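S.K.: I'd like to ask you about the structure that follows.
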Amino acid sequence: MADTTHPRETLWKLVKGIHFAMITHRHGDGTLQACPMTMANKEGMDEHVNFYFLLNKKTDLAHCVARDANIQISFADPGENAYVSVSSTAHLSEDRVLKEKLWSTAAKAWFPGGVEDPDLTVLVAPVTSAEYWDVKENKLVQLYKIAKAAVTGAEPKGMGEHQTIRM
């Protein structure tokens, strides 16, 4: 039976298992920089629409997003052969209700004042476009396909699903 899962559903299914992301942003001098962040999304919150990250207002990332909202978020799970790249025009939010929804015990390590911490803000990253690569076969099968392609000069076939999504 053919897989009828919508690419957006597959994108979110892949990301749910990967809680850590690299967020790339443009620094004030024009260079691109990336920093690791933990995704704060909770089940059922704007599913298929936004990524959320709890962020310190004093960080370079917060200052850079305030100046240039274009960011790129990368997720990778090499063990599952899942890779996701998301483009977003992000913004910072001071919404207390949102902070409460996203709050976790782990966040207290960075924000000892809890949701009242004056340095806490929320990076809201609506998905504008995304790409994912999802390989279903094990590494041995992948290696065989790559070796076969190298010997025959043909491009490897059936190396997994790749989709581009525009929101």
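Mapped onto UniProt numbering, the consecutive letters of the sequence shown carry residue numbers 1 to 167.
Even for Gly, the Cβ is constructed at its ideal location relative to N, Cα and C.
Note that this is a predicted model, so its numbers are computed, not measured.
1) How would you write the range of the beta strand (DSSP E) that residue 77 sits in, first residue to last?
2) Have a look at residue 49 and residue 127 and give me their C-alpha separation to the nearest angstrom.
3) Can you find the residues in the same chain that come closer than 7 Å, C-beta to C-beta, to residue 119, ignoring five residues on each side of it along the sequence?
4) When you compare the CB of residue 13 with every CB in chain D, is at least one pair closer than 7 Å?
5) Do you know whose CA, among 89, 41, 39 and 26, lies nearest residue 63's CA?
6) Go ahead and label residue 106 buried or exposed: buried means 16 or more other beta carbons lie within 10 angstroms of its beta carbon, across all protein chains shown.
7) Which value, in whole angstroms, describes the spacing of the CA atoms of residue 167 and residue 123?
8) May I have the straight-line CA-CA distance separating residue 80 from residue 104, to the nearest angstrom?
9) Is the distance from the Cβ of residue 14 to the Cβ of residue 97 below 7 Å?
10) Spatial neighbours of residue 117 within its chain, please: CB distance less than 6 Å, with the 5 preceding and 5 following residues excluded, ordered by chain position.
11) Verify whether the separation of the beta carbon atoms of residue 52 and residue 102 is less than 7 Å.
12) If you draw a straight line from the alpha carbon of residue 74 to that of residue 31, how long is it in whole angstroms?
13) From residue 38 to residue 152, what does the alpha carbon distance come to, in whole angstroms?
14) Assuming contact is defined by CB atoms lying nearer than 7 Å, are residue 22 and residue 34 in contact in what I supplied?
M.R.: A quick look at the data gives this:
1) First-last of the beta strand (DSSP E) with residue 77: 70-77.
2) Roughly 6 Å between the two C-alpha positions.
3) 56, 57, 58 and 111, listed in sequence order.
4) No chain D is part of this structure, which consists of one protein chain only.
5) Measuring C-alpha to C-alpha distances from residue 63 to each of 89, 41, 39 and 26 identifies 26 as the nearest.
6) That one is exposed.
7) Straight-line Cα distance between these residues: approximately 19 Å.
8) Using only the alpha carbons, I get a separation of about 26 Å.
9) Contact flag unset, no.
10) Only 111 meet the Cβ criterion.
11) Yes, the Cβ-Cβ distance between residue 52 and residue 102 is below 7 Å.
12) About 17 Å.
13) Within the model, the alpha-carbon separation for residue 38 versus residue 152 is close to 43 Å.
14) Yes, the Cβ-Cβ distance between residue 22 and residue 34 is below 7 Å.
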